[in-house]
Amino acid sequence: MISLNCFVFCHILYIILSYIHMSAVLICNISKEIYGNIVIKEMTVPLFFYFLGGRGDNGSPIIVFPEFPAFGEITDGEFHNVLTYLTSVPSLSSTGVGFILVIDRRQDRWAAVKGTLLRIAGSFPGNLQLVLILRPTTLLQRTLSDILFKFNKDEFKMKVPVIMLSSITELHSYIDRSQLTQELGGTQEYCHEKWISHRTAIEGFALMVKKTAQTLQSFGTELAETELPNEIQATTILLSTHTNKKDKMKEDLLVALGQGSRLLESINEPVVRDPDHNMNQDELENLATVQRLLSQLDETERAFDEFWVRHQTKLEQCLQLRHFEHNYREVRALLDQVSEKLATFSEVGISPAHADHILCELTTYEERVVSSLAHEGDELIQNSHYAEDSIQPKCSELRSINEDVSSNLRAKKDHLLKAMELHHCLERASKWVDDGIYLLASQPVDKCQSHEGAELALKELERYLDNSGQNQLTDLSTIWSDYEAVLNQQFRDQVEKVFQKQSSMQEMFDKRRVSLKKLAAKQTRPVQPVAPRPEFVLSVPYHGGFSSQGNGQLQNGDSNSRHASLSEEEENLAVLRRHVMNELLETERAYVEELLCVLQGYASEMDSAAMAHLIPAPLQNKKEVLFGNMSEIYHFHERTFLRELEQYTDCPELVGRCFLERMTDLQIYEKYCHNKPRSESLWRQCSDCAFFQECQKKLEHKLGLDSYLLKPVQRITKYQLLLKEMLKYSKSCEGADDLQEALTAILGILKAVNDSMHLIAITGYEGNMSELGKLLMQGSFSVWTEHKKGHAKVKDLARFKPMQRHLFLHEKALLFCKRREENGEGYEKAPSYSFKQSLNMSAVGITENAKGDNKKFEIWCNSREEVYIVQAQTAEVKTTWVNEIRKVLTTQLEACRGTERGCSLKSITKCHVNTDIHCAGKYTVMADYEKGAQELSVKSGDMVQLVKEGDDGQWFVRNLSSSKEGWIAAANLITLIGKSKSCQSLTSSGIQTNNPK
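My numbering puts the first residue of the sequence shown at 652, with every later residue one more than the last.
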């Protein structure tokens, strides 16, 4: 690369040096541009000589020394600088001929003439051809000049002719009038300010050209000596850096070209204004110099562009090579990974779903291998890449490895397809057997006792056997020979198990057929003059016999028939239990496979660098939001729950124990369900992105990811359905209680999830809900409110129409919220709840019946100063809520009593009744309490005083309103706080009754 760059760069360098030379010619080899600027500034003062721009007959440049009375005051340094600068302005060809000096001293004296000649003789830096002096015009000075010039001629040491002229007319005989200014009788126009302006602009342009040339030279050298990086990032940075520098160089070139164009227009301005205008030689040289510089800049720009294209192509090819090498390493690692994966792949799978999953993975690997980099390398070579020698071997190696891996993949796929064929065969046979067993179990035994019923059941069995088709397995020898290549020990055991299951089912069918044929072949008995035989219910066991001796034989026959029926019914129930267990295990295995598929096909791909460009910004770093704790759920089921469930295959009625032992672990579903609204919102936002579409395409799923994200919610719901089915067929079995308890626990989890989903939808509550205790109940009610002011009851705003409120009952508080329906889809359509108010459960009481409506009850506080009449949708809902609230209040009361016994009332049970009276607290009744046997009748709001405590939660109290005494349930009392009118129920805070707020 460096040699090619050097070749191109040398071409540019030649051009650069050429216009540097032109610039040097322009300023006549004055190396420091600052020097020229200083002279230009000195020439802005009243001029003591100037470069006219005219030429002699032989092309000699003319320098004019005009009348300048203060000429003698000019310092030698200043004189030398200006003279040196002026002699550098004309071209080398003109200065080689020599200069003509015109010294105008017509208004001066001989001393001025002599001083000028001496200075010129001592300081003139160039060649002289002729010196013309317009001598003083006064008689005395003219005479002195003639005489003294002849005597002092040798003193001037002039090697060129020095001619004393008496008039302008004599001057015109040496220099044409067109080359002289009007002051010297000529016709040429000369503006010193304009000449200064042009010289400044030309020198500035020359300086810019020089700097541009130096920058180009430096940049070209840098590019030529640049080593190619070995990393993608470094190459990208280098390409970007060089591109930025190139753009800066182009800007400098454009600025220089613009400045040169404007300067050219300024020089041409007189000609544009007057086409007949004739430029002097100096102007023509300036014009030619600027045009030459512009031409050189144009040529330099073209050469630089060509050089840059080659350099940029080289860097881009380098970047392509680095990408190719990086991708080569990745594909090479992928091929190695595929080879290792193939070595560990199960070639048969453990189920059709598992085998199908393996096949999908193999197909995915095959597609990724086929899309290798070999064709990309070929394209680089076809595009004349400089690193062809490095690319070609890698392409060949990729093709070779690709072919080996693809061949191995094809062999694995063929093997797996054969295994899948046997899997599906076993699956069909197993399903056929299960359906047959279910058919046997579903035939009602009582209906089969009749001739018609037996014939109908027999035809049903015959029809099922006739339709077996390919579902039934042939003999084992055929299977061993047809699938010998894929049969391992595990597969053999699976085949034998299904075959044994099929044989058992066929044996059961044979027994049932024999039995049904016998029943169908029975003749109808003649009517006998005996007592009618009672009908019996198969499901009710026989417990007694007949007392009549004549009916003893009939009794024995009925008993035997009943025992046979019961035995067959138990067998049918066992078959149904196995059927439910099979469904539980099969769906559990499929569920685990689906979770694994989602985690590998979607979640893992979010961390893949190859898929990163497909992930939209809202989805980045949101894997935990999208999938929640699905990984935790998968590991629990795959490592623990599925294996433990399989241990109950032969005793399905005991599977409830497995659920009870793992009930704590199953609560991980609550976390998943809590995250589901966030997950669904994120999915809707990004569901159409290319990432999900690509993952779904690779997995060959017909349904989108959202369907699979719903699987955990569906699974935890499915468990309670399966447990209900199992309990239905296991009521008389050993594990029935465990099944019932497991079902209750699963329903509790579902209720907790459902309640918590409502709870997180509450808005406007400023406190910490975790401090309210466990959420016990939630539901919607109609609510009226009443406020007691003095002796009058005032309905809130005279409201006859009830408020619709959603109530949340916690252990420590009751929340009133307003339900608001939301617009949207999925979880976004779920309602939200605006918090309105809360009641502390330590300060409330209830009245079970309100206004004679069995669906209403009252919740009140502050001695019924605030009453909330609550109407449920049904009487059953109302009863459930009242019971739950009573449980909360009773629990608080018991906690308070326990605290009081342990603290301030440690000796209360040892005190005499009279002592108890003195230390007893005052209480208010929570609800109307009708008088029972030996019980005190009180009404809500009555004040009572504790006399003594009895057993079973009974207190002996004195009604302070009626002065009557009697027993009353402690759960109906609320203690007062000191002597204040505010009341508080007996909770853990009840011990603070002597501390008024």
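Cβ coordinates follow ideal geometry from the N, Cα and C atoms, glycine included.
The stretch 862 to 876 / the stretch 897 to 911 touching (three or more Cβ pairs under 8 Å): yes
Gln1140 to Asp1301, Cα distance in whole Å? 22 Å
So within the stretch 1376 to 1440, which uninterrupted beta strand (DSSP E) runs reach at least 3 residues, ignoring any that extend past its ends? 1426 to 1440
Helix, strand or coil for Leu970 per DSSP? helix
With 16 other Cβ atoms within 10 Å as the buried cut-off, status of Cys1046: buried
Could you compute how far the alpha carbon of Leu890 sits from the alpha carbon of Arg961? 13 Å
Just the Cα atoms here: how many angstroms apart are Trp846 and Leu799? 37 Å
Relative to the alpha-carbon of Glu1437, which residue among Val1521, Ala1241 and Asn778 has its alpha-carbon at the smallest distance? Val1521
Does the stretch 784 to 794 come into contact with the stretch 809 to 822, if we say contact requires no fewer than three beta-carbon pairs (one atom in each stretch) closer than 8 Å? yes
With the cut-off set at 8 Å, would you say Ser1489 and Leu1465 are in Cβ contact? yes
Taking Asp755 as part of the beta strand (DSSP E), name the residues at either end of that continuous run. Phe750 to Asp755
For Cys1337, does the three-state DSSP call read helix, strand or coil? helix
Anticipated Cβ contact below 8 Å, Lys887 with Leu970, distance rounded: Contrary to the premise, residue 887 reads as Thr rather than Lys in this sequence. About 6 Å separates the two Cβ atoms, so the contact holds.
8 Å Cβ cutoff met for Leu1394 and Lys1382: no
Within a Cβ cutoff of 7 Å, which residues of the same chain sit near Ala1080, ignoring the five residues on either side of it in sequence? Asn1122, Gln1123, Leu1124, Val1149 and Gln1153
Is it buried or exposed for Leu1448, if we count other Cβ within 10 angstroms and need 16 for buried? For Leu1448, the predicted structure reports a pLDDT of 46, less than 50, and the residue's modelled location is therefore unreliable. A value from the coordinates is still provided. Its Cβ having fewer than 16 others within 10 Å, Leu1448 is exposed.
Go ahead and label Glu967 buried or exposed: buried means 16 or more other beta carbons lie within 10 angstroms of its beta carbon, across all protein chains shown. exposed
Since Tyr1484 contacts Lys1469 with CB under 8 Å, what's their CB separation in whole angstroms? 7 Å
Ordered along the chain, which non-local residues of its own chain (more than five positions away) have a Cβ less than 6 Å from that of Leu752? Ile714 and Val782
Please work out which residues of its chain come closer than 7 Å, Cβ to Cβ, to Met859, disregarding the five sequence neighbours upstream and downstream, and give them in chain order. Ala907 and Gln910
Using DSSP with H/G/I as helix, E/B as strand and the rest coil, what is Val1137? coil
Arg1652 bridges to which residues according to DSSP? No statement about residue 1652 is possible, as the shown extent of the chain runs from 652 to 1648 and does not include it.
DSSP state of Met809, grouped into three classes? coil
Which residues DSSP lists as bridging Asp1504, in chain order: Ala1501
Could you compute how far the alpha carbon of Ile1625 sits from the alpha carbon of Glu1517? Residue placement at Ile1625 is flagged as unreliable, the pLDDT there being 45, under the threshold of 50; the coordinate-derived value follows with that caveat. So the alpha carbons of these two residues sit roughly 15 Å apart.
So for Tyr1253, helix, strand or coil by DSSP? helix
Residues in its own chain within less than 8 Å of Ala1341 by CB, not counting five upstream and five downstream? Leu1265
Residues near His1457 by beta carbon distance below 6 Å, same chain, minus five either side: Ser1431, Cys1468, Arg1470 and Tyr1484
In the DSSP output, which residue or residues are listed as bridge partners for Asn1610? Val1595
Check whether the Cβ of Leu1138 lies closer than 8 Å to any Cβ atom in chain B. Reference to chain B is not applicable here, since this structure consists of a single protein chain.
Can you list, in chain order, the residues of its chain with a C-beta nearer than 7 Å to that of Leu1293? Leave out the 5 residues immediately preceding and following it. Glu1239, Arg1240 and Val1243
Would you decide whether Ile1367 is buried or exposed? Buried here means 16 or more other CB atoms lie within 10 Å of its CB. buried
Local conformation of Thr951 per DSSP, three classes: helix
Sort Leu795, Cys1309, Gln1543 and Lys1402 by Cα distance to Leu1236 and report the nearest one. Cys1309
Mind the definition here: the stretch 1247 to 1256 touches the stretch 1342 to 1357 only if three or more C-beta pairs lie below 8 Å; say whether that holds. yes
Spatial distance of Thr767 from Leu831 (CA atoms): 20 Å
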